[in-house]
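S.K.:
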Amino acid sequence: MWAGVEPQRQQYNVTYLNIMKQIVELLESNNIYVVLDMHQDVLSSRFGTYDGIPLWLYDRFPPPNHAYPFPLSSTPSDNNWALGYVTEACSHGFQCLYDNVDGAVDSMSDFWRLIATTFGHYPNVLGYELINEPWIGNYFVKPTLLFPGISGSKNLLPFYDKLAKAIRTVDIKTLIFYEPITYSGK
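Okay, here's the thing in structure tokens:
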């Protein structure tokens, strides 16, 4: 959703937002609730899926120590796309996001503030899911991130706090959904 809303830094796609509003309104007319989800799978189309974060942001991150798909010997197939998570490039990208490299969290906060401003008044918008299936971060640099409690407290908690604060500046009532580390089982 973020890549569609903000295809260029601080340039918001009003057409995309208007289509989203039409969908939310259609669902409301049929008594269907909505969760607005910043969906992503392996963060970026650079890793074979689609853009969870906008390409303009990912391309501003410094490169990882090893090119994608290290440590895998080949690019994951469409059936095994989730293997992209274990690559250094994907892990590094998530860490750059969490560490606010090039203002990544600031930009994501602006995105969520815009979404909350645009959709917070709709009675059928149940909540905002800040990010789908977040990855642990760069476990190549800090292997202890493989423990969900550590990656959750070091990376996700400060990340979620900043995003939630941005939303709450414009919408104090809509639920905010938080997902734990992808494989934490919680």
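Under numbering that gives the first Met the number 0, the first residue of the sequence shown carries the number 0, and numbering increases by one thereafter. Beta carbons: idealized from backbone N, C-alpha and C, even for Gly.
Helix or strand or just coil, what does DSSP make of GLY119?
M.R.: Coil.
S.K.: Quick check on the DSSP output: what are the complete alpha helix (DSSP H) runs of length 4 or more inside the stretch 27 to 94, in order along the chain?
M.R.: Fully enclosed alpha helix (DSSP H) runs of 4 or longer: 54 to 57.
S.K.: Does the count of Cβ pairs from the stretch 27 to 36 and the stretch 70 to 87 closer than 8 Å reach three?
M.R.: Verdict: no, contact absent.
S.K.: Can you check which of these residues, LEU56, ILE130, ASN137, ILE180, is closest to GLY148 by C-alpha distance?
M.R.: Measuring from the Cα of GLY148, the nearest candidate turns out to be ILE180.
S.K.: Find the nearest neighbour of THR173 within the set ASN131, ILE31, TYR121, judged by alpha-carbon distance.
M.R.: Nearest C-alpha to THR173: TYR121.
S.K.: May I have the straight-line CA-CA distance separating ILE135 from PHE93, to the nearest angstrom?
M.R.: Approximately 7 Å, taken between the alpha carbons.
S.K.: Which residue or residues does DSSP assign as beta-bridge partners of GLU128?
M.R.: Paired residue(s): ASP36, PHE176.
S.K.: Judging by CA-CA distance, which residue of GLU5, MET0, LEU156, PHE176 is the nearest neighbour of ASP98?
M.R.: Of the listed residues, the one whose Cα sits closest to ASP98 is LEU156.
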